[in-house]
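Residue numbers (UniProt numbering): 1 to 269.
Below is one structure; the comments refer to it alone.
Encoded structure:
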């Protein structure tokens, strides 16, 4: 019964985000090479739906269980000084945003630098068309890694689970926005907030994912000199090496070591 309830919630959430993003991608679409005026009819969309339901029904549950266990351990331990733990909630939230942005930035760079991490992260970069539903194209182990970096500061600073859940939900919705196939520019705010334009350049085939690692704010990209914001849009997405696009193989292939593929897109910096 609980599985049916979870499935119903997943369908309702998919309907809700689709009601928002499909009109946006229809009227303010950025890339029409494959889709014309029907943004949900493109290669790989059904594949990404399988990733969506897998993430909502299975992978998120595993991550939440791990997070709950970690939360219980930290509740009975003292990792940080009492003065930090007793900070007002608004200040804690600011610290959580800054620290999680820092961890996500360097964790994301590591995913593109080290073979063992890239093996799983490259699944996300196999998308040949980037839109809101492609945001869910993640291997479950890659998802757990990212969610761990995202929530670690909040857990360490002692935020309650409801606040953490709200924080994760907000970041998740922002991820849908920056992946969406919309021609919406934020102007001068693009030095403070992530945008579809910035993140689509991260998925650009010619850039090989080595720019615009940040999610919520590009400040870390600016600080560490990986910020890239040209006026034009990317022309193509994906990764240079051949990959099997079927969902089954994208789940299985990262578990099969292949040194040549692991090092294919790693940064030389």
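Beta carbons: idealized from backbone N, C-alpha and C, even for Gly.
Cβ-Cβ distance between residue 153 and residue 54 below 9 Å: Against the chain shown, residue 153 aligns to sequence position 153. Against the chain shown, residue 54 aligns to sequence position 54. No, the pair does not count as a contact, with Cβ atoms beyond the cut-off.
Where residue 211 sits in the DSSP three-state scheme: As a first step, residue 211 must be located in the chain shown, where it is residue number 211. In the structure shown, residue 211 adopts coil according to DSSP, grouped into three states.
Sufficient close CB pairs (3 or more, under 8 Å) joining the region 163 to 173 to the region 184 to 198: With the cut-off at 8 Å, the region 163 to 173 and the region 184 to 198 do not touch.
Span separating the alpha-carbon of residue 49 from that of residue 143: As a first step, residue 49 must be located in the chain shown, where it is residue number 49. As a first step, residue 143 must be located in the chain shown, where it is residue number 143. Taking the straight line joining both Cα atoms gives about 16 Å.
Cβ neighbour criterion (16 or more within 10 Å) applied to residue 162: For this step, residue 162 is matched to residue 162 along the chain shown. Per the 10 Å Cβ criterion, exposed.
CA-to-CA distance, residue 125 to residue 254, given in whole angstroms: Counting from 1 along the chain shown, the entry for residue 254 is found at position 254. Counting from 1 along the chain shown, the entry for residue 125 is found at position 125. Answer to the nearest angstrom: the Cα atoms are 13 Å apart.
Simplified DSSP state of residue 237, which is helix, strand or coil: On the chain shown, position 237 is the one that residue 237 refers to. The answer is strand: DSSP assigns residue 237 an E or B state.
Buried or exposed by the 16-neighbour rule on C-beta atoms within 10 Å, applied to residue 196: Mapped onto the chain shown, residue 196 falls at position 196. That one is buried.
Counterpart residues of residue 29 in DSSP-defined beta bridges: Taking the chain shown and counting its residues from 1, the one referred to as residue 29 is at position 29. Beta-bridge pairing links residue 29 to 182.
8 Å Cβ shell around residue 246 - same chain, five flanking residues per side excluded: As a working mapping, residue 246 is identified with position 246 in the chain shown. The beta carbon of residue 246 is closer than 8 Å to those of 47 in its chain, skipping five residues each way along the sequence.
Per DSSP, cross-strand counterpart(s) of residue 204: The residue given as residue 204 occupies position 204 in the chain shown. Answer is 237.
Outcome for residue 8 when other beta-carbon atoms lying within 10 angstroms are tallied against a minimum of 16: Sequence index remark: in the chain shown, residue 8 carries index 8 (1-based). By the 10 Å Cβ count, residue 8 comes out exposed.
Length of the line joining the Cα atoms of residue 17 and residue 177: By one-based count along the chain shown, residue 17 stands at place 17. By one-based count along the chain shown, residue 177 stands at place 177. Between residue 17 and residue 177, the C-alpha separation is close to 10 Å.
Pairwise C-alpha distance: residue 248 and residue 121: What you label residue 121 is simply residue 121 of the chain shown in a count that begins at 1. What you label residue 248 is simply residue 248 of the chain shown in a count that begins at 1. For the pair residue 121 and residue 248, the Cα-to-Cα distance works out to about 16 Å.
Pair within 9 Å by beta-carbon distance, residue 131 and residue 199: For this step, residue 131 is matched to residue 131 along the chain shown. For this step, residue 199 is matched to residue 199 along the chain shown. Going by beta carbons, residue 131 and residue 199 fall outside the 9 Å limit.
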